[in-house]
Amino acid sequence: MRKVLISLLLASAFATPALAAPHRSSDRDSAREERQAAREDRQEARQEKQSAREERSDRSNNDARPQFQAPQRADRGDARANFTAPARVQATGRADARDVEALRFARQQAREDRRDAYVAPGPKAVSPRNIDAIREQTAERRQDRIEQRELRQSARRTPPVMQTRPPVVSNTPRPGTQPPLRAEHRRGGDHHWDGNWRNDHRYDWRNYRHQHRSLFHLGFYFDPYGWGYQPFSIGWRLWPSYYSSRYWINDPWYYRLPYAPPGYVWVRYWNDALLVDTWSGTVVDVIPSFFW
8 MRKVLISLLL ASAFATPALA APHRSSDRDS AREERQAARE DRQEARQEKQ
58 SAREERSDRS NNDARPQFQA PQRADRGDAR ANFTAPARVQ ATGRADARDV
108 EALRFARQQA REDRRDAYVA PGPKAVSPRN IDAIREQTAE RRQDRIEQRE
158 LRQSARRTPP VMQTRPPVVS NTPRPGTQPP LRAEHRRGGD HHWDGNWRND
208 HRYDWRNYRH QHRSLFHLGF YFDPYGWGYQ PFSIGWRLWP SYYSSRYWIN
258 DPWYYRLPYA PPGYVWVRYW NDALLVDTWS GTVVDVIPSF FW
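Quick note: the sequence shown uses the working numbering, first residue 8, plus one each step.
Set out below in structure tokens:
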């Protein structure tokens with residue numbers, strides 16, 4: 008019994024592929040036929056689209072493309088005016104190498120014709136009367152240029168280096184300005200300062216400085232406005248900050264200078280010694296490079 012069952016199972020196993028083989032072969036054939044039919048359909052659709060595209064392109068070219076024709080310029084009378092494209096070019100609207108060569112040859116012929124037709128101008132006849140007129144016109148133009156140059160120079164502003172102007176009086180301290188004068192009069196009489204004190208041997212400060220150089224070496228100078236050194240001359244008025252008490256030379260004789268009269272004071276301005284009227288700020292005497 009066992010042998011019979013085993014033999015049946017083996018027989019069924021061998022029979023199953025044999026039965027399935029025809030079925031599988033038929034499926035593959037049908038799938039191949041379907042793919043071939045789809046490929047043919049796509050090919051036909053592609054051909055139809057290509058033919059439709061070519062028809063539209065030909066229609067648009069025939070309707071919109073301008074007809075090729077050489078430019079007409081009858082007024083110049085050259086060979087290009089008589090050049091016309093062949094009938095096939097006018098029909099199709101396209102030109103080949105032969106047409107381009109023909110147009111180039113026509114242009115070359117037109118240039119040669121114009122060059123051959125050129126006539127150089129002859130010499131201009133000049134009479135003595137014309138020479139005199141030309142000389143007069145040249146002289147007039149030269150005189151006009153001179154007058155215009157003088158007019159421009161007269162209207163030009165004078166350069167700052169050539170301008171002589173008095174110092175500016177201002178209420179605001181700034182470089183190059185002087186403080187305004189006081190409105191009230193000075194109390195007491197004005198003292199006249201005698202500049203001949205330099206001839207007095209008692210005030211030989213140069214020789215004294217040569218023997219006592221350390222006394223004249225005061226070191227750093229603090230500018231109240233930070234404007235830097237500007238040499239002052241007699242008659243200039245200083246801003247009050249320049250002759251405040253911190254800049255006074257309290258003992259002029261210590262440097263062999265004469266004593267200042269009432270209302271005046273010796274002050275240090277950088278390395279200069281100035282005698283200043285404290286009422287108006289006017290500089291009445293200057294010793295440049297007094298200190299070092």
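Built from N, CA and C at the ideal position, the CB exists for glycine as well.
Beta-carbon within less than 8 Å of residue i's beta-carbon, same chain only, minus the 5 sequence neighbours each way: which residues are those?
i, result
"Arg-209", "Arg-263"
"Gln-150", "none"
"Gln-54", "none"
"Thr-184", "Pro-174, Val-175, Val-176, Ser-177"
"Arg-220", "Trp-299"
"Tyr-250", "Val-272, Val-274, Leu-281, Val-283, Thr-285, Gly-288"
"Ile-13", "none"
List the residues that DSSP assigns as beta-bridge partners of residue i.
i, result
"Val-175", "Thr-184"
"Ala-280", "Arg-275, Ile-294"
"Arg-244", "Thr-289"
"Trp-255", "Val-274"
Within a Cβ cutoff of 7 Å, which residues of the same chain sit near residue i, ignoring the five residues on either side of it in sequence?
i, result
"Asp-230", "none"
"Leu-17", "none"
"Pro-265", "Trp-204, Tyr-210, Pro-259"
"Gly-304", "Because the chain spans 8 through 299 in this model, residue 304 falls outside it and cannot be assessed."
When the Cα of residue i is compared with those of the options, which residue comes out closest?
i, options, result
"Trp-299", "Ala-280, Trp-286, Ser-248, Val-290", "Ala-280"
"Asn-278", "Asp-120, Arg-152, Gly-270, Val-293", "Val-293"
"Arg-275", "Trp-260, Ile-256, Arg-189", "Ile-256"
"Tyr-228", "Arg-253, Ile-241, Arg-213", "Arg-253"
"Ser-296", "Asp-258, His-192, Tyr-236", "Tyr-236"
"Pro-238", "Ala-104, Glu-62, Ser-58, Pro-182", "Pro-182"
"Arg-213", "Arg-152, Ser-240, Tyr-261", "Tyr-261"
Go through its chain and collect everything with a Cβ distance to residue i's Cβ below 6 Å, but skip five positions before and after it.
i, result
"Trp-246", "Pro-180, Pro-186"
"Trp-243", "Val-290"
"Arg-216", "Phe-223"
Does the Cβ of residue i have 16 or more other Cβ atoms within 10 Å, making it buried, or fewer, making it exposed?
i, result
"Val-107", "exposed"
"Asp-139", "exposed"
"Ala-146", "exposed"
"Ala-190", "exposed"
"Asp-48", "exposed"
"Ala-38", "exposed"
"Phe-112", "exposed"
"Ala-81", "With a pLDDT of 44 at Ala-81, under the threshold of 50, the modelled position of this residue cannot be trusted; read the value that follows with caution. Result: exposed."
"Ala-267", "buried"
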